[in-house]
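Engineer:
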Amino acid sequence: MTDASVDRMNRFRTEAASRGLPTEEVEEWIRVASPAVYLAEGGDGPLVARVGGDPLLPHGAPRPSEPFVASVDLAALPPGATGLPLPADGHLLLFSGTDVHGIGGQVSDAVLYVPAGTPAAPSPLGHSWREPYRPRELRTVWHQPSAQMPESFALDRWGEFPEDEQFELADELADAWADVGGYRPSWALQIGGHPVSPQNDPVHYARGPEEAGPTEQGGTVHGAGADDWVLLATWRCGDDVTELDSGVAHWVVRRRDVADRRFDRVHRYVEMA
Numbered sequence: 128m129t130d131a132s133v134d135r136m137n138r139f140r141t142e143a144a145s146r147g148l149p150t151e152e153v154e155e156w157i158r159v160a161s162p163a164v165y166l167a168e169g170g171d172g173p174l175v176a177r178v179g180g181d182p183l184l185p186h187g188a189p190r191p192s193e194p195f196v197a198s199v200d201l202a203a204l205p206p207g208a209t210g211l212p213l214p215a216d217g218h219l220l221l222f223s224g225t226d227v228h229g230i231g232g233q234v235s236d237a238v239l240y241v242p243a244g245t246p247a248a249p250s251p252l253g254h255s256w257r258e259p260y261r262p263r264e265l266r267t268v269w270h271q272p273s274a275q276m277p278e279s280f281a282l283d284r285w286g287e288f289p290e291d292e293q294f295e296l297a298d299e300l301a302d303a304w305a306d307v308g309g310y311r312p313s314w315a316l317q318i319g320g321h322p323v324s325p326q327n328d329p330v331h332y333a334r335g336p337e338e339a340g341p342t343e344q345g346g347t348v349h350g351a352g353a354d355d356w357v358l359l360a361t362w363r364c365g366d367d368v369t370e371l372d373s374g375v376a377h378w379v380v381r382r383r384d385v386a387d388r389r390f391d392r393v394h395r396y397v398e399m400a
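Here my numbering runs 127 ahead of the position in the sequence shown, where the first position is 1.
Structure below.
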């Protein structure tokens, strides 16, 4: 954990104490925070990710079923900053359409890992239902702990049916966390961390009910299968997708599948506000 992250945790403790929030819940909020990397336009740093346009696909690779979203240069990410067992180099290619019907699920070609040194060439996908997304370069990058959404925290902490007071406490914790967060540019792409969703938590959707059970305190304890589900990436569509109002696309995966490079097991979810 960086010095800046430790400082934020301490400022959060101070802010939460000034609001009279329970120390036990403050420490739990900190415990479940996950590292994340955020990418945005602007800046003069190295190119970390490219959004839109045509993807660079390996020679002979199958044509993805949905439009190209982004290519992330894994070697350009701060080491260990995502909290995920990602490869140290190569590119991670993300694909998604804009269909919000249903709740999402496994899409075998939603993510493609291209190892470093693999011959690749620009490959227009030519999907009939839309033009490629607007090309953008993401050169601004920062990393920090990512907190759960308040509702997700409440559900994990106090079970399937938290009381109103518990939801309110989770909201108060989120407000205190936000107040010590400092200014950050409007990001376009998130790698790792917890999802920011206008509707529902895609990590919760990906978990199966057989992977969780109650705790003695009435909360939810997750087995190895449930806790293995993590957010791989989130794309804020913004004005690039006019058919979605504040649209986002999430890619969710088991941690062990990332380690095994089984990106064909990724689940993808598309939402709008």
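Glycine residues also receive a C-beta, built at the ideal position from the N, C-alpha and C atoms.
Among 227, 249, 140 and 327, which one has its Cα closest to the Cα of residue 370?
Structural biologist: By one-based count along the sequence shown, residue 370 stands at place 243. Closest option to residue 370, Cα to Cα, is 227.
Engineer: The beta strand (DSSP E) that contains residue 272, what's its start and end?
Structural biologist: Residue 272 sits at position 145 when you count from the first residue of the sequence shown. Taken as a continuous stretch (DSSP letters only), the beta strand (DSSP E) holding residue 272 covers 267-273.
Engineer: Which class does residue 232 belong to by DSSP, given the choice of helix, strand or coil?
Structural biologist: Here residue 232 refers to the residue found at position 105 when the sequence shown is read from its first residue. Here residue 232 sits in strand by DSSP.
Engineer: Of the choices 235, 222, 393 and 129, whose alpha-carbon is the least far from that of residue 362?
Structural biologist: Your numbering for residue 362 matches position 235 in the sequence shown. Among 235, 222, 393 and 129, the Cα nearest to that of residue 362 is on 222.
Engineer: So, residue 266 versus residue 172, is the Cβ gap smaller than 7 Å?
Structural biologist: As a position in the sequence shown, residue 266 is number 139, starting the count at 1. As a position in the sequence shown, residue 172 is number 45, starting the count at 1. Taking 7 Å as the Cβ cut-off, residue 266 and residue 172 qualify as a contacting pair.
Engineer: Please report the Cβ distance between residue 379 and residue 329, rounded to the nearest whole angstrom; I am assuming they are in contact, meaning their Cβ atoms lie under 8 Å.
Structural biologist: For the purposes of this step, residue 379 is identified with residue 252 of the sequence shown, where counting begins at 1. For the purposes of this step, residue 329 is identified with residue 202 of the sequence shown, where counting begins at 1. In this structure residue 379 is in contact with residue 329, their Cβ atoms being roughly 5 Å apart against a cut-off of 8 Å.
Engineer: Compute the Euclidean distance between the alpha carbons of residue 271 and residue 206, then round it to the nearest angstrom.
Structural biologist: Counting from one through the sequence shown, the residue named residue 271 turns up at place 144. Counting from one through the sequence shown, the residue named residue 206 turns up at place 79. Residue 271 and residue 206: Cα-Cα distance of roughly 13 Å.
Engineer: Short of 7 Å in beta carbon distance, which residues of its chain neighbour residue 356, apart from the five on each side in sequence? Order them along the chain.
Structural biologist: If you number the sequence shown from 1, residue 356 lands on position 229. Closer than 7 Å at the Cβ level, and outside the excluded window around residue 356, lie 330, 333, 334, 379 and 381.
Engineer: Pull up the distance between the alpha-carbon of residue 284 and that of residue 204, whole angstroms please.
Structural biologist: Start at 1 with the first residue of the sequence shown, and residue 284 comes out as number 157. Start at 1 with the first residue of the sequence shown, and residue 204 comes out as number 77. Spanning the two alpha carbons is a distance of roughly 31 Å.
Engineer: Going by C-alpha distance, which of 131, 156, 132 and 261 is nearest residue 143?
Structural biologist: As a first step, residue 143 must be located in the sequence shown, where it is residue number 16. Ranking the options by Cα distance to residue 143, first place goes to 156.
Engineer: Using only alpha-carbon positions, find the residue among 145, 135, 364 and 296 that is nearest to residue 399.
Structural biologist: Taking the sequence shown and counting its residues from 1, one reaches residue 399 at position 272. The option with the nearest alpha carbon to residue 399 is 364.
Engineer: The alpha helix (DSSP H) with residue 331 in it runs from where to where?
Structural biologist: The sequence position of residue 331 within the sequence shown is 204, counting from 1. From DSSP, the alpha helix (DSSP H) with residue 331 extends over 329-333.
Engineer: Mapping DSSP to helix, strand and coil, what is residue 369?
Structural biologist: Translated into the one-based positions of the sequence shown, residue 369 becomes position 242. Note: residue 369 maps to coil in three-state DSSP.
Engineer: Scan the region 139-213 and note each continuous alpha helix (DSSP H) run of 4 residues or more that stays entirely inside, going in chain order.
Structural biologist: Contiguous alpha helix (DSSP H) elements confined to the region 139-213 occur at 150-159, taking only those with 4 or more residues.
Engineer: What would DSSP say about residue 292, mapped onto helix, strand or coil?
Structural biologist: Against the sequence shown, residue 292 aligns to sequence position 165. Helix, per DSSP.
Engineer: If contact is defined by three or more beta carbon pairs under 8 Å, each pair taking one atom from either stretch, is the region 174-194 in contact with the region 233-251?
Structural biologist: yes
Engineer: Taking DSSP as the reference, what is the three-state secondary structure of residue 392?
Structural biologist: The residue given as residue 392 occupies position 265 in the sequence shown. Helix.
Engineer: Between the Cα of residue 326 and the Cα atoms of 375, 133 and 367, which residue gives the shortest distance?
Structural biologist: One-based indexing of the sequence shown puts residue 326 at position 199. Among 375, 133 and 367, the Cα nearest to that of residue 326 belongs to 375.
Engineer: Note down the Cα distance separating residue 268 from residue 139, rounded to an integer number of angstroms.
Structural biologist: Here the question's residue 268 lines up with position 141 in the sequence shown. Here the question's residue 139 lines up with position 12 in the sequence shown. About 23 Å.
Engineer: Could you have a look at residue 301 and say whether DSSP puts it in helix, strand or coil?
Structural biologist: The sequence position of residue 301 within the sequence shown is 174, counting from 1. Looking at residue 301 - three-state DSSP - the assignment turns out to be helix.
Engineer: Taking only three categories from DSSP, how would you classify residue 227?
Structural biologist: Within the sequence shown, numbered from 1, the residue matching residue 227 stands at position 100. Judged by DSSP in its simplified three-state form, residue 227 adopts coil rather than helix or strand.
Engineer: Compute the distance between the beta-carbons of residue 161 and residue 273, then report whether it is under 7 Å.
Structural biologist: Here residue 161 refers to the residue found at position 34 when the sequence shown is read from its first residue. Here residue 273 refers to the residue found at position 146 when the sequence shown is read from its first residue. Yes.
Engineer: Suppose you measure from the CA of residue 322 to the CA of residue 282; what does that come to, to the nearest Å?
Structural biologist: Mapped onto the sequence shown, residue 322 falls at position 195. Mapped onto the sequence shown, residue 282 falls at position 155. Approximately 15 Å between the Cα atoms of the pair.
Engineer: Please state the DSSP three-state secondary structure of residue 381.
Structural biologist: Locating residue 381 in the sequence shown gives position 254, counting from the first residue. Residue 381: strand per DSSP, three-state reduction.
Engineer: Can you tell me where the beta strand (DSSP E) with residue 248 in it begins and where it stops?
Structural biologist: By 1-based counting over the sequence shown, the position of residue 248 is 121. 247-249 is the extent of the beta strand (DSSP E) around residue 248.
Engineer: For residue 208, which residues of its own chain have a beta-carbon under 7 Å away from its beta-carbon, when the five flanking residues on both sides are left out?
Structural biologist: For this step, residue 208 is matched to residue 81 along the sequence shown. Here the set comprises 162, 164 and 270.
Engineer: Please state whether DSSP places residue 315 in a helix, a strand or coil.
Structural biologist: Here residue 315 corresponds to residue number 188 of the sequence shown, with the count starting at 1. In this structure, residue 315 counts as coil in the three-state DSSP scheme.
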